[in-house]
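Note sheet for the following structure.
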Amino acid sequence: MLIESPIRQPLILGNKTYAQITDEIVRPIEGRANKLWYLVFTVAALCALWGLGLIAYTFGTGIGVWGLNKTVGWAWDITNFVWWVGIGHAGTLISAILLLFRQKWRMAINRSAEAMTVFAVICAAMFPGIHVGRVWVVYWFFPVPNTFGSLWVNFNSPLLWDLFAISTYFSVSLGFWYVGLIPDFATVRDRQVLPFMKKIYSVVSFGWSGTTKSWQRFEEVSLVLAGLSTPLVLSVHTIVSFDFATSVIPGWHTTIFPPYFVAGAIFSGFAMVATLLLIMRQVLNLQEYITVNHLESMNKIIVVTGSIVGVAYITELVIAWYSGVQYEHYAFLNRATGPYAWAYWIMMSCNVISPQLFWFRKIRRSLLATFLLSIVVNIGMWFERFVIIVTSLHRDYLPSSWTMFYPTWVDIGIFIGTLGIFFTLFLLFSRTFPVIAIAETKSILKISGDNWKEKTESKYAQVGEHGGHH
Amino acid sequence: MSKATLLAKFTDPDTCLHACEHLVQSGVKVREVYSPFPIHGIDGVLSIPKTRISTAAFFYGVTGTTLGFLMMWYMNVQDWPMDIGGKPSFSLLTNLPAFVPVGFEITILIAAHGMIGSFFLATRLFPGMPARNPEPRSTNDLFVVEIVGTDNPGTVLNDLKSDLMNHGAIECSDDVLRYEDQ
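Heads up: the protein sequence lines correspond to chains D and S, in order.
Each residue of the first sequence is one higher than the one before, counting from 997 in the working numbering.
Each residue of the second sequence is one higher than the one before, counting from 43 in the working numbering.
Encoded structure:
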């Protein structure tokens, strides 16, 4: 049996037994939703329908209903795309990178973070899809034979790399998530009394029986999938940044983009995980599984990645100055002092200054502060993408074509729509899926449960008193 | 031939592991252990060989890399080469740097899905497959050791009961209707 250092805080509170863990995590699935859930769900679903309606309107009328113009050829849609993909990254980071680093605190949050990844990537993938205008030929994105279109796709293009990155990321994340869900669905299945529920969870649990060989394979698959997902998640935002970095636009054409984008993605993703979990643990009564220690760990990652992002902003400025290229000079001067300076300073204050508050332990462990700052960070990260994209485009090489980008009501409506889709899916998830990895949580009970930690600690204290050291 | 099966139920993974060690040492063949989460070390006790699924994943990955580069070479170099922005597609070698991202993604795609597929096939996990665990609580809080009469000719299963109870089992029951026999 593994024994953990007593310095480490317990990860499962409330003297749990295995049966209690099952009961408390499965209960929200079996019980009825309360009024609040229905209220929030209705609002989210209405937003989603509104967004889908506006997408239909865009298809029917054309991209002209958006605020784009000849100078700013993409703005709102690509900002939302990058923002949503970035949010997705935290789920993979938690489930894959923290698994490789054997961080046990991931087990309370990986399931919902992975769900968040899947839903966020769905929202993200919609934007390039609807931006093409002629959505009925959207399959031309894929390498289809000549008879379908005119030519093969261009594998030298970063936009195509992005398609492969996002598709791979989505499908692998979905697979990884589902593999982890199978034993937990079996746990739900085996305690159902209603035939309908039993049937549903029988089908989705694929006949999982928890035999020794299947657990052995399960652990190996989880580990290797984590090993595959780690470079994958880093590659995805790297490739997203290539969409910009491989161009010759001042403000985009920088080698710092890949690591800077990846750090920003993890930063915003963790903020979104914190927002969601703070609500979820309260609504579903999971405070003993998702503890303040879990939130503190996430806040530590937020302050680290936020600082990396801050360093990247300043590096960009210094390199622009050092480059001696007047176009680069102007791009960054325009960002900080031009007509979009307000967006730039929102970005700077939300992303660089506000997370520094997490250096204080009190703030790091305060639920209210975490909740507020997590939303501030997500606003800041949305503005980061907006600033990078729009300020680099709106004043191009020809001053006669300088212009401003303003979103139309359709732009804003579609963004609200994706928020609606995201929260609709997440709310459905929280009612039908085990929101915490049950099997994984049980596997650490004897190591990180408060009752077990106390037991091993008192045992070791006794050994110490009786001179047990050799 | 007796198709009798003995199910010994434990509430603790370590107790279950030690009981299995004891059974194996005393020459009893354990058919299966059903547990709500992996019991580390039990595959060694039951002499279950290491899974080869990660080796399979490696070969799926190699297949993915090969197929990916082959596809890009065929489409952009062989079948319909294009000269975009003064950067013609002359050969796989000259285009290789630009092909790396997609080659990498396809490698991951095929390795991951190949491995998940192999896992489902080998473990017989499909939508609608019936559950094979004889005790429903083995996905909740019980660790169930299954000993089958046909595996242990010459052993009376009932004789093992007291021994198992001494080794921490909370309950021993006969389960005649195994899934395969139904």
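Even for Gly, the Cβ is constructed at its ideal location relative to N, Cα and C.
From a predicted model like this one, the values you see are computed outputs, not experimental measurements.
Rounded to a whole number of angstroms, what is the C-alpha to C-alpha distance between Ser44 (chain S) and Thr192 (chain S)?
No answer about Ser44 (chain S) holds up, because its pLDDT of 49 lies below 50 and its placement is not dependable.
Which residue wins for smallest C-alpha separation from Thr1437 (chain D), given the options D:Asn1347, D:Leu1224, D:Arg1004, D:Ala1015?
The residue from D:Asn1347, D:Leu1224, D:Arg1004, D:Ala1015 with its alpha-carbon nearest to that of Thr1437 (chain D) is D:Ala1015.
Pairing CB atoms from the region 127 to 139 of chain S with CB atoms from the region 174 to 191 of chain S, are three or more of them under 8 Å?
Judged by Cβ distances under 8 Å, the region 127 to 139 of chain S makes no contact with the region 174 to 191 of chain S, as fewer than three pairs qualify.
Of all Cβ atoms in chain D, is any one closer than 8 Å to the Cβ of Asp125 (chain S)?
no
Alpha carbon to alpha carbon, how far is Met1400 (chain D) from Ala1332 (chain D)? Give it in angstroms, no decimals.
16 Å
Please report the straight-line C-alpha distance between Lys51 (chain S) and Cys214 (chain S), rounded to a whole angstrom.
Using only the alpha carbons, I get a separation of about 6 Å.
Out of curiosity, what's the CA-to-CA distance linking Tyr76 (chain S) and Ser204 (chain S)?
21 Å
Helix, strand or coil for Glu213 (chain S), going by three-state DSSP, please let me know.
strand
Look at the alpha carbon of Asn1065 (chain D) and the alpha carbon of Trp122 (chain S), and state the distance between them as a whole number of angstroms.
Rounded to the nearest angstrom, the two C-alpha atoms are 33 Å apart.
Going by the CB atoms, is the gap between Ala1120 (chain D) and Val1386 (chain D) shorter than 8 Å?
Going by C-beta atoms, Val1386 (chain D) is not nearer than 8 Å to Ala1120 (chain D).
Cutoff 8 Å: Arg1361 (chain D) Cβ touching any chain S Cβ
no
Reference Met157 (chain S), options D:Met1276, D:Gly1171, D:Asp1158, closest by Cα:
D:Gly1171
Which bits of chain S does Phe1202 (chain D) rub up against, with CB to CB less than 9 Å?
Neighbours of Phe1202 (chain D) on chain S, chain order: Phe162, Thr165, Arg166, Leu167, Phe168, Pro169, Gly170, Met171.
If you follow the beta strand (DSSP E) that Glu74 (chain S) is in, where does it begin and where does it stop?
74 to 76
Could you please tell me which residues of the region 127 to 160 of chain S, in chain order, have their CB closer than 8 Å to any CB of chain D?
Lys129, Ser131, Asn137, Ala140, Phe141, Pro143, Val144, Phe146, Glu147, Ile148, Ile150, Leu151, Ala153, Ala154, His155, Met157, Ile158
Taking the DSSP output, what are the residues bridged to Leu48 (chain S)?
S:Ile189, S:Asp216
For the alpha helix (DSSP H) containing Arg1357 (chain D), name the first residue and the last one.
1357 to 1360
Cα-Cα, which of D:Phe1328, D:Asn1281, D:Leu1353 is closest to His1249 (chain D)?
D:Phe1328
Note down, in chain order, all residues in the region 106 to 126 of chain S with a beta-carbon under 8 Å from any beta-carbon belonging to chain D.
Met113, Met114, Met117, Asn118, Asp121, Trp122, Met124, Ile126
Just reading off the alpha helix (DSSP H) that Val1068 (chain D) is part of, what are its end residues?
Careful: Val1068 (chain D) lies outside any alpha helix (DSSP H) and carries neither H nor E.
Any idea which residues DSSP pairs Lys129 (chain S) with across the strands?
S:Ile126
If you measure between the beta carbons of Asp1186 (chain D) and Pro176 (chain S), is that distance less than 8 Å?
Judged by their CB atoms, Asp1186 (chain D) and Pro176 (chain S) are not nearer to each other than the 8 Å cut-off.
I'd like to know whether the C-beta atoms of Val1117 (chain D) and Tyr1165 (chain D) end up nearer to each other than 8 Å.
With a cutoff of 8 Å on beta-carbon distance, Val1117 (chain D) and Tyr1165 (chain D) are scored as near each other.
Enumerate, from N- to C-terminal direction, the unbroken alpha helix (DSSP H) stretches of 4 or more residues contained entirely within the region 1331 to 1396 of chain D.
1337 to 1344, 1357 to 1360, 1363 to 1382
Given that Ile212 (chain S) touches chain D, what residues does it touch there, using C-beta distances under 8 Å?
Chain D residues near Ile212 (chain S): none, gap ~13 Å exceeds 8 Å.
Taking CB distances under 8 Å as the criterion, tell me whether Trp1157 (chain D) reaches chain S.
With respect to chain S, the C-beta atom of Trp1157 (chain D) has a partner C-beta closer than 8 Å.
Does DSSP put Ile1008 (chain D) in a helix, in a strand, or in coil?
strand
Alpha helix (DSSP H) runs wholly inside the region 1143 to 1227 of chain D, at least 4 long, in chain order
1154 to 1185, 1191 to 1200
Is it buried or exposed for Glu222 (chain S), if we count other Cβ within 10 angstroms and need 16 for buried?
Because Glu222 (chain S) sits at a pLDDT of 45, beneath the cut-off of 50, its placement in the model cannot be relied upon, and the point is left open.
For Thr1075 (chain D), count neighbouring Cβ atoms within 10 angstroms of its own Cβ and tell me buried if that reaches 16, exposed if not.
Per the 10 Å Cβ criterion, buried.
Mind listing which residues of the region 1113 to 1131 of chain D have their C-beta closer than 7 Å to chain S's C-betas, in chain order?
none
Beta-carbon of Lys1209 (chain D) versus every beta-carbon of chain S: anything under 8 Å?
Lys1209 (chain D) belongs to the set of residues whose beta carbon lies under 8 Å from a beta carbon in chain S.
Report buried or exposed for Asn1295 (chain D), applying the criterion of at least 16 other Cβ atoms within 10 angstroms of its Cβ.
buried
Identify whether Asp1446 (chain D) lies in helix, strand or coil by the three-state DSSP scheme.
helix
Give the interface partners of Phe88 (chain S) over in chain D, defined as CB-CB distance under 7 Å, in chain order.
Just to set this straight, residue 88 (chain S) is Leu in the shown sequence, not Phe. What Leu88 (chain S) touches in chain D: Thr1208.
Start and end of the alpha helix (DSSP H) containing Glu177 (chain S)?
Here Glu177 (chain S) belongs to no alpha helix (DSSP H), and DSSP marks it neither H nor E.
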